[in-house]
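Undergrad: In my numbering, the protein residues as written are 27 to 211. One structure is given below, represented as structure tokens, and several questions about it will come after.
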């Protein structure tokens, strides 16, 4: 982490943020549900092909997050998300944003805000990104077993799911906090 923030002024508070994106849509995820032993409960399943992408980031230590819901993933969408994260970083602090190696995360066309530095994860290591657990939680509790009529309905569901989670800071901390992700410079 020291290499990532070497140009940050000394005494600047450092926040560790994690980010990722998830596709949500009509080809939704089926999750487990409670049912009487020996029965096969019915669950809705949509076979249409409309979806949206949640770009989400969390700061486990502050138990806050920033997200945008967009129709596609690309460099332009990533720039929108970086701007949103930048607005949520504490005033006077610098964020180290941990992310995977997707092409739109590392493009030279990214407009990196001054209060954010990027720290890529090792290849093939999604288990190191706690935002993956956020997606699992949202799918299990707020986004599964649904049929949405339109793209707007998907966006509304994504926004509602993210907002619901952000209103529970203890839940955010429980899902995302990792002992190895503490700031120790």
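Even for Gly, the Cβ is constructed at its ideal location relative to N, Cα and C.
Suppose contacts are defined by Cβ-Cβ distances below 7 Å. Is residue 81 in contact with residue 157 by that definition?
TA: Mapped onto the chain shown, residue 81 falls at position 55. Mapped onto the chain shown, residue 157 falls at position 131. Result no, Cβ atoms of residue 81 and residue 157 do not sit closer than 7 Å.
Undergrad: Assign residue 155 to one of two classes, buried (16 or more other C-beta atoms within 10 Å of its C-beta) or exposed (fewer than that).
TA: Translated into positions along the chain shown, residue 155 becomes position 129. With 16 or more Cβ atoms within 10 Å of its Cβ, residue 155 is classed as buried.
Undergrad: Is it the case that the region 164 to 176 contacts the region 133 to 153, given that we only count it when at least three CB pairs across the two stretches are under 8 Å?
TA: The region 133 to 153 vs the region 164 to 176: no contact.
Undergrad: Quick check: what's the CA-CA separation for residue 51 versus residue 90?
TA: Here residue 51 corresponds to residue number 25 of the chain shown, with the count starting at 1. Here residue 90 corresponds to residue number 64 of the chain shown, with the count starting at 1. Rounded to the nearest angstrom, the two C-alpha atoms are 25 Å apart.
Undergrad: Quick one: what's residue 80 bridged to in DSSP?
TA: Sequence index remark: in the chain shown, residue 80 carries index 54 (1-based). Per DSSP, 48 and 95.
Undergrad: Cβ of residue 44 less than 7 Å from any chain C Cβ?
TA: No chain C is part of this structure, which consists of one protein chain only.
Undergrad: Using only the alpha-carbon positions, how far apart do residue 88 and residue 179 sit?
TA: Residue 88 sits at position 62 when you count from the first residue of the chain shown. Residue 179 sits at position 153 when you count from the first residue of the chain shown. Roughly 30 Å between the two C-alpha positions.
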